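Everything in the sequence shown is counted per my numbering, starting at 4 for the first residue and increasing by one.
We put the beta carbon where it would ideally sit given N, CA and C, even for glycine.
Since the structure is predicted, the reported quantities are computational estimates derived from the model, not experimental observations.
In what follows, a single structure is set out as structure tokens and then discussed.
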Amino acid sequence: MTIGDYVVHIVDDEEPVRKSLAFLLTIEGFTVRLHESATAFLRAAPDIRNACLVTDLRMPDIDGVELLRRLREQGRRIPAIVITGHGDVPMAVAAMKAGALDFIEKPFEDQILIDSIKRAAEEIEKVAFNDVHSIASRLAMLTEREREVLSGIVAGLPNKTIGYDLDISPRTVEVHRANIMSKMEARSLAELVRMAIAAGVLDQ
Numbered sequence: 004m005t006i007g008d009y010v011v012h013i014v015d016d017e018e019p020v021r022k023s024l025a026f027l028l029t030i031e032g033f034t035v036r037l038h039e040s041a042t043a044f045l046r047a048a049p050d051i052r053n054a055c056l057v058t059d060l061r062m063p064d065i066d067g068v069e070l071l072r073r074l075r076e077q078g079r080r081i082p083a084i085v086i087t088g089h090g091d092v093p094m095a096v097a098a099m100k101a102g103a104l105d106f107i108e109k110p111f112e113d114q115i116l117i118d119s120i121k122r123a124a125e126e127i128e129k130v131a132f133n134d135v136h137s138i139a140s141r142l143a144m145l146t147e148r149e150r151e152v153l154s155g156i157v158a159g160l161p162n163k164t165i166g167y168d169l170d171i172s173p174r175t176v177e178v179h180r181a182n183i184m185s186k187m188e189a190r191s192l193a194e195l196v197r198m199a200i201a202a203g204v205l206d207q
């Protein structure tokens, strides 16, 4: 995975730190997004794909370790690097247990962070691979009729047209559609379409 294939999300409550890290990484060719708090990042997390996280450890609302724990509870597997100016072994262990790939203590050399992010990028590919398998397992739960309806949905067909093509009523299509959304754990039509693309449904 090349630098242009993913986004580095920086979470730090101190604006000068955010801007400094953003400047460093942008100069190196990374695409960067800034978040002023863990809460702000968590709001954006459901729509984040192909990303790694660089987060400060000590923050006033939610600290870095708790942020990683909440991401894990939500099933979000985003490779993460924790940075702190108050690092010690217990904190490092807590961060690793919460899912951090690396733990960097301030002050650090620029190259240490850059190398750590590049290692995280290797994990992004693994997460993407696993996501495809997860989607495939959910897809396997669909009945044959639900898969037919799904194909019509991702093709952009209205319920009436899908029903006509399958010789079922629009109301039945709606029921199948609700079941598909539930089984695929899709929160929106856009997310369902993304899953279908990842699983190759559009190519069938």
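- When the beta-carbon positions are compared, Ile107 and Ile127 stay at least 7 Å from each other.
- Distances from the CA of Leu45 to each of Gly88, Ala131, Arg73 and Pro19 were compared; the closest alpha carbon is that of Arg73.
- Spatial neighbours of Asp64 in its own chain (CB-CB distance under 7 Å, excluding positions within 5 residues in sequence) are listed in chain order as Ser40, Ala41 and Thr42.
- Phe111 sits in coil when the DSSP states are folded into three classes, being neither helix nor strand.
- When rounded, the separation of the alpha-carbon atoms in Asp113 and Leu142 is 43 Å.
- In chain order, Asn162 place their CB closer than 7 Å to the CB of Glu177, counting only its own chain and leaving out the 5 sequence neighbours on each side.
- Contact between the segment 150–159 and the segment 116–124 is absent: fewer than 3 CB-CB pairs across the two stretches fall below 8 Å.
- Between the alpha carbons of Arg180 and Val68 lies a distance of about 38 Å.
- Sixteen is the threshold: when 16 or more other Cβ atoms of the shown chains lie within 10 Å of the Cβ of Phe33, as they do, the residue is buried.
- Of all alpha-carbon atoms in Arg148, Met184 and Met187, the one lying nearest the alpha-carbon of Asp168 is that of Arg148.
- In this structure, the beta-carbon distance from Arg61 to Gly102 does not fall below 7 Å.
- By the Cβ-count criterion, Met94 is buried, with 16 or more other Cβ atoms from all chains shown falling within 10 Å of its own Cβ.
- By the CB criterion at 7 Å, Met198 and Ile138 fall inside the cutoff.
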